[in-house]
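The structure under discussion appears below in the form of structure tokens.
Residue numbers (full-length UniProt numbering), protein chains in the order written: chain A, 1 to 364; chain B, 1 to 290.
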């Protein structure tokens, strides 16, 4: 078992900076998920921890030992690839035992370890098959089995479920969570799927443009995002962003207003000066009622998505801005209908306008 | 979809079948028939049974030609395989000047065989050949291929390797390119050294491509003609003759079509025997891959 420490870790490709200085501590036995949009550097960071990419600057410590120049096999890690990367000419058992046979582990011990891992993953009946005879889910199990057999101190997962269909993805997600509980190993998991991030992680690391945006427990990131990027990335459907004007500030509260919004007093957050700002509201925080302590939003229904358990309402405010609201149950509404939603000032966050340079007037 | 019947398909296949019948099957049958007859210009073929085969097999020139062919096939094809494998892996390793390397390896295929042989004759000319002069300047022994039989064989082997390297290389390079990079990353994480990667991942996965290339090259090399005919003409004193040259001599120098046909059939049998090991390996690999 091992803890990891990244200090000022950078990655350059011929002058082009991909990872721009990451400081991160991962505790022994922790499940950490790197999440972010495509090209944010999350996979690169994982590959640097694996030793598949060189670290341009900074240090990586694994188990208190500097690992920058260690080869992948000396880092005590195992990695599961998105494409499974199984050796097509070897059977499942040979695939899982490949690392052991390279290290000349006695045959009896290797067989026992493979059998144990196969049992954990319930693939004992597949041991004699070739990868080409397996389904996607089975292949991914074998790939995970290959990692388990090596008994690493750190498991690295690079988008392991992206190639699976939705139902299988959910099963495997639970499987990985169970595995983490049973093995108690440190796990680092890369995904662009925030549901995977929210459900699996002890802590989430949100990356964008090679910079760590926020690190924290999933629920903390959801409730208290530190900037508009994290706010927009965590949570589904995506956070609504409304351009507003801060009229005045006092005692940590900001008085904001916009066409069709407010004026309303909300927590000032990082805002220190009056002027343009972004008001973010979760779709789930909007309710189709008008209590006295809630602030109203007037608009008309553009589109309805009735999911049965909840209804996603796409409405257009009088200012022309699109807003999404998620309401529990099946709502009797018609497209074109005028409607007033409201939010509680405590449920919204205020961010500086500079957080979203290309102000997304329309979510999605 | 419209249901197709066997009878409905026959007219569509017939032109190709007819063509194959005319240019491959009938001539082949004619050669079999001819091999049991004494035949020459201006003479009615006369049935002689196995006599042509006995004559060919007891001819020291044939036995020497067969021996030379086997040596060239075994040495040249396997050496060529090693060089092509090395080049394919080198080209795939992110080496500098990769494009230049590719052009250098593939160029011989753009040169006609006759021109290639003329070029080599000039390069290795014992009086004015640049390669000979360079070897002499470096104090190295030169290839006295025009009168030393063993040197002539070396020269033929070098020439045929150079000429056919593109074929083997292209097959192996394509096979190597088709292998996914993450397999090697997985192997590195599993703890494989570069050498272990080669033995345990690269070689087994390239196996089918290697065997296909070897099989084709065995067949091509076995019927080798132009390299020998144009370089040494089978000389000095028939010492570098290969079976195809022997056959040509029988047919067109001595007009003995019966023995020439018998030689041709013996070539088919010999190349089948030589290649059978690889065919067996290939079948096993294809079965394994399923």
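Glycine included, each C-beta is placed from N, C-alpha and C at the ideal position.
Being a predicted model, the structure only gives us computed values, none of them experimental.
- Inclusion of residue 9/A and residue 58/A in the CB contact set at 8 Å is warranted, their separation being smaller than that value.
- Restricting attention to 293/A, 288/A and 210/A, the CA atom closest to the CA of residue 16/A is found in 210/A.
- For residue 212/A, the closest C-alpha among the options 288/A, 5/A, 38/A and 42/A is that of 42/A.
- Using a Cβ-Cβ cut-off of 8 Å, residue 77/A counts as an interface residue toward chain B, since at least one Cβ of chain B sits closer than that to its own.
- Within the region 90–108 of chain A, contact with chain B at the beta-carbon level (separation under 7 Å) is assigned to 98, 99, 102 and 103.
- Restricting attention to 204/B, 262/B, 51/B and 235/B, the CA atom closest to the CA of residue 281/B is found in 204/B.
- Using a CB distance cut-off of 8 Å, residue 169/A does not count as an interface residue toward chain B.
- Chain B places a beta carbon closer than 8 Å to that of residue 87/A, counting this residue as a contact.
- Only buried fits residue 196/A, as 16 or more other CB atoms lie within 10 angstroms of its CB.
- With a cutoff of 8 Å on beta-carbon distance, residue 211/B and residue 81/B are scored as not near each other.
- Per the coordinates, the alpha-carbon of residue 217/B lies some 41 Å from the alpha-carbon of residue 105/A.
- Listed along chain A, the residues sitting closer than 9 Å to residue 205/B by beta-carbon distance are 87, 88 and 89.
- For residue 195/B, there is no enclosing beta strand (DSSP E); the enclosing alpha helix (DSSP H) covers residues 194–197.
- For residue 176/B, no Cβ of chain A is located within less than 8 Å of the residue's own Cβ.
- Listed in chain order, the beta strand (DSSP E) runs fully inside the region 165–231 of chain A are 186–191, 203–208 and 211–216, counting runs of at least 3 residues.
- Counting only Cβ-Cβ distances below 8 Å, residue 52/A has contacts in chain B at 185, 188 and 189, in chain order.
- Taking all protein chains shown into account, residue 130/A has 16 or more neighbouring C-beta atoms within 10 Å of its C-beta and is therefore buried.
- In this structure, residue 160/A keeps its C-beta atom at 8 Å or more from the C-beta atom of residue 189/B.
- Around residue 72/A, the beta-carbon contacts reaching into chain B at under 9 Å are 185, 188, 189, 190 and 191.
- The contact set of residue 201/B on chain A, defined by CB atoms closer than 7 Å, consists of 87 in chain order.
- Each of 272/A, 258/A, 351/A and 332/A was checked against the Cα of residue 318/A, and the nearest Cα belongs to 258/A.
- When C-beta atoms of the region 191–198 of chain B are compared with those of the region 110–120 of chain B, fewer than three pairs fall below 8 Å, so the two segments do not count as touching.
- Under DSSP, residue 79/A shares a beta bridge with 156/A.
- If you draw a straight line from the Cα of residue 25/A to the Cα of residue 182/A, it is about 23 Å long.
- Secondary structure in the region 244–320 of chain A: no alpha helix (DSSP H) run of 4 residues or longer lies completely within the stretch.
- The beta-carbon of residue 155/A is placed no less than 8 Å from the nearest beta-carbon of chain B.
- With a threshold of 16 other beta carbon atoms within 10 Å, residue 133/A falls short and is exposed.
- Below the 8 Å Cβ cutoff, chain B contributes 180 and 182 as neighbours of residue 83/A, in chain order.
- Taken in chain order, the unbroken stretches of alpha helix (DSSP H) that lie wholly in the region 58–104 of chain A and span 4 residues or more are 92–102.
- Short of 6 Å from the beta carbon of residue 40/A, and not among the five residues preceding or following it, lie these beta carbons of its own chain, in chain order: 207 and 208.
- Assignment of beta-bridge partners to residue 38/B by DSSP yields 46/B.
- Excluding the 5 residues flanking it on each side, residue 248/A has same chain C-beta neighbours closer than 7 Å at 255 and 274, in chain order.
- In this structure, DSSP gives residue 223/B a state outside helix and strand, which the three-state scheme calls coil.
- Shown here for residue 216/A: same chain residues with a beta carbon closer than 7 Å to its own, the five before and five after excluded, namely 203 and 204 in chain order.
- In this structure residue 194/A is buried. Its beta-carbon is surrounded by 16 or more other beta-carbon atoms within 10 angstroms.
- Annotated three-state conformation of residue 59/B is coil, per DSSP.
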